[in-house]
Structures are given as structure tokens and as C-alpha cells.
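J.: Before anything else, here's the structure in question.
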Amino acid sequence: MSWDAFRSPSELAARAEELYRDYRLPAVREWKKTSSGPAVGYMPIYVPRELLHSQGALPVGILGGGDDLEIIRGDAFYQSYICHIPRSTIELGLNGSFDCLDGMLFPAICDVIRNLSGIWRMQFPGKLVRYLDVPQDFDRDLGGAFYRRELEELSRELVAHGGKPYDKEALRRSIATFNENRALVRDLYALRQAEPWRVPTSELYCVLRASLVVPVQESTVLLRRYRLLAGSASDRSPMDQARVVFTGAFCEQPPLGLIKTLERAGCYIVEDDFLQVHRFLRHDIPTDGDPLENLVVAFLEDAIASPTRYIDRDEKGRDLLERVAASGAEGVLFGAPSFCDPALLDQPMVVKALEREGVPWTAFKYSENGGQFQVIREQAGTFADSIKLWSEV
Amino acid sequence: MKDTSQLRQKKMLADHFGRLARTEETGEKSVYTFVPGNLTELILSFDLLPVLPEINALQSGMRGKSREYIAVAERLGHSEDVCTYVKSDIGMMKSGNVGPTGERLPAPSLLLLSYTGCFTFLKWFELLKEEYHCPIVMLHVPYQGDGKITESMRTYVVEQLRRKVIPLMEEVSGRAYDEDRLKEALALSAKAEDDLVWVLESAKNRPSPIDAYFGGVYYIGPMFSAFRGTQGAVDYYQSLRSEIEQRVRERRGPLTPDGELENERYRVVVEGPPNWTSFREFWKMFADEGAVVVASTYTKVGGVYDTGFRHDPEHPLETLADYCMGCYTNLSLPQRVSMLARYVTDYGADGFLINSVKSCNSFSAGQLHILREVENRVGRPGGFIESDLVDPRYFSASNIKNRLESYFQMIEQKRSGGASA
């Protein structure tokens, strides 16, 4: 894909949307024509993509289906009171969309994703299927030592499924490659915070989501091109919108239509939880020293306060308050997928922190395949109006 | 008329909750912790008293209190979508923290989060941490994603025990870690575990002398709560075993809410926790049909002993680690499928039923797949019903009864060759 050929950010984002909505993963199929390594899907939040890349594997972000995927077999796997992402993911596995994947990683997000790893193992024997049990103890010599052993085991499994043997220098190079990629993402978020009219979230989302289904080098080209086009777009000007943080959408993603609805309702999303793997680590991972240990330490000490992590030391909600302050947000939208335990169990604690600091908030639930946004539009519109009204006072 | 073992258990519980209620006078300290992966022997070795929030929640369900408690939590902003044990517990706490015996529970001196087989436990204790200003320690128990316990997993758990859990228990209790005392308790655990396994496996007899689900939840009570590792638990299980031995000799069926079941018509295996708000009604739906549950997975949630595991006093911390990692909800789905298939075969069951509860993703996510897999393996019919743990809004008696009746009719049809016709 020649991303450099695009001349407008919206056209580029439209192509990115087309790419990520193609559930047959065309870029992965293209990659496999010239590469001998395994393509390995991973569920949302976080996996050590650098390690996969260094062993010649292609990490592929799998974020379920959307509002355009008809669920035929997936619903037979899940009761009505379980979130939507596992049923669309299994649907895509069973309908052959993922037959280009040689494996799947299931990071420790919640019990639903954990159990999906077991279903996957039974449904797709012979593929690399691994539940990535990341530590909830964050001391280097306890959780860190365990996580290192988990990574070493993952490394061996990659080799068993066609990956190259672990190579320290290769991992250093891969860390550098992903550092560059993450820096571009951070830069785009910074631009959106400073000038949200230049970087509509509905565009940024498409670009970032497409970035997860292409090789990292291509993702870097894509991000750089979008940064250039969005940063220099002369036809975009500020509007009187409320600046908000959208939190809760870290696993099952909202339909793109919902993001557009929020923007049309008068919100500039200046901070969010979407596609967290891009920003799960706050800073660059060092490339000197022992690179595997650097991956471990980054996970332990530099990760965001994701609801999937046990918060043992900090106050709950402090991270969100810091994000509100840093992004200059005027309010918070809690948008959680229905039946999402990590998001919904967190919410009362985080709300308490917001209320203590007088930060306005509102909450709603969604499903990745939802198509009716009128109620949310009215809710978000009222919320945005009330913020603008208060800020005038 | 209650059996001796039932009376003994009732007294054990009353004494325990009485001690909890008197902690302000006696100075005894309590530890809030969970059933799966509980460290009862270790807790008791420091003379600390366990409090188990899930047990309190299920007791609230049985006492008809959980509706009100859940409403309190939902008014505080807890979603209707999430675990009702959590909401019942939060609601109980906000309503004065009165426990199952009507006495007030003490605030914890220590929050011991055993993160075993349930993600919600993490959040539950984050919520409790906001309410109680006491030390908190977390034991992360790795999941058996690959269907096995590795040395790496064991080392991780043992090191957390050694370097985090035990030092904090020493600090809170003011006592030094006494490994000999722990070993003595573990030896008692193993004795009681032998008898518990014998009791559960007695259901292989025809007629089964026990109901291993509805009756089973009473049998696991002392083992899964505050008594594992005590002489009291050993005595209880010896007494229970004697009673069941006698029932086997006399070829008597299990006790039900309406007395002894005289005609065992169906033998089934059940997966999933029971509903607690209508426990008796639910049980009667089985008993009225002459259905006996001969094995259940719920009675393994606080420890799987029927595959040979016993607490080993010679390796105290390692055995605690293995115990934690082996609890039922910490098993992978393929392991769960194998266990259910084995139960159906070994216990001569006509089929198996899944009671899928809305609250518990750890159990429920994947159960429809388990249903098909087990059916394929054993060739006997599976049934699926839905309810909840302690939210009475999700117990629809007529729906469940209809489904159960249809299920038992299906078994009849299979017996008479109707299914293959």
C-alpha cells in the first residue's frame, strides 16, 4: 500500500477504514507471500509485539468485528449476558477470515477472553494458541521474573511454529522499530490535544486501527503520512466543541458510527482508551542492556493504569484525573461495552475520584455491533452543552 | 431431623461467626479472603480469622437479603451487568455488615486477595480497599492456560507467599511464621480431604446416597471456608463419612428438602454454581423428578481433590501453591471439558446439566462450547439452564422448571430408543 500517494487526511483515513474493515486481513495475506514467519493475532490491550517481530513473526491486532459483521455461528458460543467481542472473534475464526493466522495470543484481560483462549485451542488445533498470563505483581524479582519466563516460553513456541530463534540483537532492533512507531502515535495524540479540529478522532481511530493489521514498518509510514496531512490541512478550523476524555473502550471497540456521533454531538475527544496496545507503554523501551529484561521492566513499570491491571499502590482514578488535566479535557464520557467486567467494575471507583475533583461525567454502554446512536447523541449533546454553559459561568 | 454432621457443621459456623462478632472484645483479627485459592491453614497458623465475602453473599441470597443489598450497590453506581456477589457484598457492608448469623462482622485487619480463577476478584478487592483502611496483599495465582502447572508458575506463587503474604501476616498478627504449625494443619487438611473425596465418590453407588450438588454444597462447607486444617474439620468429615457409609449399606437415597429420595430415576452431572435465592425451590425441581446430581464441578471450586491432590505437609508452601492453581475455575476449558466427560462416565450419569449464571464469567463464558464438546465425547444429552447467583431478578422458576422437565423427558426418550428412531 502506497500511503504516501494520499493527498488529504480524510482520503487516507477512508482507505485505512476500508483496510481494517476487511476482516480477511489482506495485508497479512500479502505479507505471507514473501515471509516465512508466522502471522500471530492478538486480542486487545497489550502483547509484547517487539518479541514477535524480532523472531520474524507478524503481530496482528484482532479487535473483534464491527457493525458490518453478521454473526451466524458466534452467538451459539455465548449467552446473551456476555459481551460481544468473543462472539465476533470466534465468528471470524470459524468463517475462515483468520485462516492466514498461524496463531493467536490471548492476554489476561478478563475471564471471557481467558476462556476464549480455551475455546480457540479446541477449535483450532495445531495453531499457536497461548493465554498470555501477564503478572499482577509488579516487583521485578517476583512478577518480573515470572513474566520473563512467560516471554521465554512464548519465544520457544514461536520457534515451534515457524519463527526464528530468539536473538538479542534482533530484539533490540525490533524495540527500536516499535519505539519509533509509538512515538508517532504519541505525536498524533499530542496534535489532537493541541488542535483537535485537525485530527478528528473518527479519522485517527481508523488510522490507528489499520496500523494494527499491517507490518509495523508500513504502519510507521501510514502514521507519518497522516501526521503530515492532518498537521497541514488548511481546510480545518476550530469549532465550539466540548473537550472530553472517552474512557472504558479498551477491549471491545465502539462502532465507528458511535465515535462520529459523539463528534457531531459537540465533543472533541482529546484523550481515549481505544486500541491501547499503541499506548500501553508510556515511553520508549531502552535498547541497551538486556532487551528481554527491558520488555519486562517496561510492562511492570511503564504501563498505563489499564483497568486490566491490579492497582495496588495508587489511588483508583488518579490516572484518569491526570489524563483529564494533561489533555485539557472538560469532562469525561464513560463508554463501556455491555457486560464488560473490567470497565464496569472500575466505574464506581473512578467516578468517585472525578466527583471529588468536580470533573463532569456521563456514562453509557455500547456494543461493537450497535447501530442506533440517537439516545447517545442526545446524551452526549446535552453533556457537551452543559459543559459549554458551565465554562461560560 | 438433622444428621450429626449437619449439627456439627452448624455449631462450627455459629462458633466461628460468634468469634468474629466478638473481635472487639477479644482482640482477635480477621482476614478477608476468597474461597478459591484460600490459604486457610496459613491464616489460622497466625491465629487470624478468615472472612469469605462470597460465602457472605451466598448466605445473603439464601436469607432473602441479597435483593436489597444489590439495590443498595446499584444506587451507588454499580452496573446491573456485573457480578452480583460483589454487589451483594458491597450492599451488605453499606447496610451495617451484618453477617449470616445476624451478628455484625468485624472490619478486616488484612485484605488478602487470592487472585485465583476469577478476574472479578481483583476489582472486588480494589473496591474493598477503598472502604477499609487496612493492609492489603495480593497473591497472583497463574492460570492453567496450557492445562498444566509448571515449575515457573509454582515458583512465582511460592515466592509471593514467602516474600509478601507471610511477612504481612506476621506484621498484622504480631506472630512469627511457624512452619511446624502450618505443617500440622496441612496434615489435618489431607485427612479431611480423604474423607471428603470418599463422600463425593460415594455417588458412584446406585442409588447414590448423596446429592453431590445441592447436598454437596453443605458437604464442602467446612473444607472451603474457615476450617480446613483444623481438627474440627477432620471430625466433621469423619462423622459425615460414617453417615454416608451407613446410607450406602442400607441402600438409601440422598436427603432432599422433602426428606429422603426413594426412587432414583435420573442421575445427572451439573456444571456451574447453584442459584442461592431460590435454592430450595431449585433443588425440589430435581428431587420432584427423581433426579440426583451424582457429581458437580461447583463442589471443586474451592479445591479439586478427586484427581489425587492432597495438601502435603512436607512441602508447605509448594503445596499451597499447587492447591491454589488447581482450583476448578483456574483450569483451562479443555481441562473442564475432560473433567465433566469423566464425571458423566465414571458416575454412570444419564447426562449433564449446565446452570449458567449471569454473574460469573469465569464459569459461564464458554459453557455453550463445553456443552457441545461434552455431548460429543460422551454421547449423552446435555441440558442448559440460566439463572444467577444471588440476584432474584434472574431466577425464573417456570422457565427453569419447563427446561428441566423437557430435559428429563429427553433422557426418557433416549432410554426408550426414541432418540435414535
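These protein sequence lines are chains A and B, in that order.
Residues in the first sequence are numbered consecutively from 886, following this note's numbering.
Residues in the second sequence are numbered consecutively from 5, following this note's numbering.
Glycine included, each C-beta is placed from N, C-alpha and C at the ideal position.
As the structure is a prediction and not an experimental result, all values here were calculated from the model.
Have a look at leucine 1027 of chain A and leucine 904 of chain A and give me their C-alpha separation to the nearest angstrom.
T.: Between leucine 1027 of chain A and leucine 904 of chain A, the C-alpha separation is close to 41 Å.
J.: Just to confirm, are asparagine 60 of chain B and methionine 96 of chain B a CB contact at a threshold of 8 Å?
T.: In this structure, methionine 96 of chain B lies closer than 8 Å to asparagine 60 of chain B by Cβ.
J.: List the residues of chain A whose Cβ lies closer than 7 Å to the Cβ of valine 86 of chain B, in chain order.
T.: Result: Asp1226, Leu1229 and Leu1230.
J.: Determine, using beta-carbon pairs with one atom in the segment 985-992 of chain A and one in the segment 925-944 of chain A, whether at least three such pairs fall under 8 Å.
T.: The segment 985-992 of chain A, when compared against the segment 925-944 of chain A, does touch it at the 8 Å Cβ threshold.
J.: Less than 8 Å separating the beta-carbons of aspartate 1158 of chain A and phenylalanine 1131 of chain A?
T.: Result yes, Cβ atoms of aspartate 1158 of chain A and phenylalanine 1131 of chain A sit closer than 8 Å.
J.: Would a check of beta-carbon distances place arginine 269 of chain B closer than 8 Å to chain A?
T.: No, no contact with chain A.
J.: Short of 8 Å in beta carbon distance, which residues of its chain neighbour valine 341 of chain B, apart from the five on each side in sequence? Order them along the chain.
T.: Excluding positions up to five away in sequence, the list reads Ile374, Glu377, Val378 and Arg381.
J.: Looking at the structure shown, is lysine 14 of chain B part of a helix, part of a strand, or coil, going by DSSP?
T.: Of the three classes helix, strand and coil, the one that applies to lysine 14 of chain B here is helix, per DSSP.
J.: What separation, rounded to the nearest whole angstrom, lies between the Cα atoms of histidine 82 of chain B and glutamine 1232 of chain A?
T.: Rounded to the nearest angstrom, the two C-alpha atoms are 8 Å apart.
J.: Check whether the Cβ of isoleucine 1196 of chain A lies closer than 8 Å to any Cβ atom in chain B.
T.: Answer yes: the Cβ-Cβ gap between isoleucine 1196 of chain A and chain B drops below 8 Å somewhere.
J.: Would you say valine 1260 of chain A lies against chain B (beta-carbon separation less than 8 Å)?
T.: By this cut-off, valine 1260 of chain A is not an interface position.
J.: Specify, as a first and last residue, the run of the beta strand (DSSP E) that valine 297 of chain B falls within.
T.: Note, valine 297 of chain B: beta strand (DSSP E), 295-300.
J.: Assuming valine 1155 of chain A contacts arginine 1112 of chain A under a Cβ cut-off of 8 Å, what Cβ separation, rounded to an integer in Å, is found between them?
T.: About 17 Å; that fails the 8 Å criterion.
J.: Just curious, the beta strand (DSSP E) that tryptophan 1246 of chain A is in, first and last residue?
T.: Here the beta strand (DSSP E) through tryptophan 1246 of chain A covers 1246-1251.
J.: Could you tell me how far apart the beta carbons of proline 427 of chain B and glycine 263 of chain B are, in whole angstroms, since I believe they sit closer than 8 Å?
T.: As shown, chain B starts at 5 and ends at 425. That puts residue 427 of chain B outside it, with no answer to give.
J.: Please confirm whether phenylalanine 228 of chain B has its beta-carbon closer than 8 Å to some beta-carbon of chain A.
T.: No, phenylalanine 228 of chain B lies away from the interface with chain A (no Cβ there is under 8 Å from its Cβ).
J.: Using beta carbons (cut-off 8 Å, strictly below), is tyrosine 160 of chain B in contact with chain A?
T.: Chain A contact via Cβ: present.
J.: I need the DSSP call for serine 424 of chain B, collapsed to helix, strand or coil.
T.: Confidence in serine 424 of chain B is poor, its pLDDT being 46 and thus under 50, which makes the residue's placement too unreliable to answer from.
J.: Measuring CA to CA, which of A/Asp1169, A/Leu986 and A/Asp953 is closest to glycine 946 of chain A?
T.: When only C-alpha atoms are compared, the closest one is A/Leu986.
J.: Do the CB positions of asparagine 1254 of chain A and aspartate 952 of chain A come within less than 8 Å of each other?
T.: For asparagine 1254 of chain A and aspartate 952 of chain A, yes; Cβs fall inside 8 Å.
J.: Which chain B residues are close to methionine 1234 of chain A, counting only those with a beta carbon under 8 Å from its beta carbon?
T.: Those are Glu130, Leu131 and Glu134, listed as they occur along chain B.
J.: With a threshold of 7 Å on Cβ separation, who are the neighbours of phenylalanine 399 of chain B within its own chain once the five nearest residues in sequence on each side are excluded?
T.: Hits under 7 Å: Asn279, Thr281, Ser282, Ser391 and Asp392.
J.: Quick check on DSSP: helix, strand or coil for glycine 1029 of chain A?
T.: Three-state result, glycine 1029 of chain A: helix.
J.: In the DSSP assignment, what residue or residues form a beta bridge with glutamine 371 of chain B?
T.: Per DSSP, none; premise fails for glutamine 371 of chain B.
J.: Lysine 208 of chain B: buried (16+ other C-beta within 10 angstroms of its C-beta) or exposed?
T.: Classification for lysine 208 of chain B: exposed.
J.: Compute the Euclidean distance between the alpha carbons of leucine 1069 of chain A and histidine 1168 of chain A, then round it to the nearest angstrom.
T.: Leucine 1069 of chain A and histidine 1168 of chain A: Cα-Cα distance of roughly 12 Å.
J.: Just the chain A side, please: which residues come within less than 9 Å of serine 70 of chain B by C-beta, in chain order?
T.: The premise fails here: serine 70 of chain B is roughly 18 Å from chain A at the closest Cβ pair, so nothing lies under 9 Å.
J.: Going along chain A, which residues have a C-beta under 7 Å from tyrosine 147 of chain B?
T.: Those are Arg999, Tyr1016 and Asp1018, listed as they occur along chain A.
J.: Out of B/Asp395, B/Pro110, B/Pro338 and B/Ser368, state which residue places its alpha-carbon closest to the alpha-carbon of proline 1010 of chain A.
T.: The option with the nearest alpha carbon to proline 1010 of chain A is B/Pro338.
J.: Taking 8 Å as the cut-off, does the segment 50-57 of chain B touch the segment 175-190 of chain B (at least 3 CB pairs, one atom from each stretch)?
T.: A contact exists between the segment 175-190 of chain B and the segment 50-57 of chain B.
J.: Going by C-alpha to C-alpha distance, which of A/Asp1197, A/Lys1053 and A/Val1162 sits closest to proline 1301 of chain A?
T.: This structure cannot settle anything about residue 1301 of chain A, because the visible part of chain A is limited to 886 through 1278.
J.: What residues of chain B sit near lysine 1201 of chain A, judged by a beta carbon separation below 7 Å?
T.: Residues of chain B passing the Cβ test: Glu130 and Glu134.
J.: How should glutamine 1259 of chain A be labelled, buried or exposed, when 16 other C-beta atoms within 10 angstroms of its C-beta is the threshold for buried?
T.: With fewer than 16 Cβ atoms within 10 Å of its Cβ, glutamine 1259 of chain A is classed as exposed.
J.: Taking Cβ to Cβ, would you say alanine 1115 of chain A is nearer than 8 Å to leucine 1076 of chain A?
T.: Yes; because the gap between Cβ atoms is below 8 Å, this pair is in contact.
J.: For glutamine 235 of chain B, I'd like the list of residues in its chain whose CB is within less than 7 Å of its CB, leaving aside the five on either flank, ordered along the chain.
T.: Correct list, in chain order: Leu192.
J.: Measuring CB atoms only, is the segment 1236-1255 of chain A touching the segment 1197-1217 of chain A, in the sense that at least three cross pairs come out at less than 8 Å?
T.: Contact holds: three or more Cβ-Cβ distances are below 8 Å.
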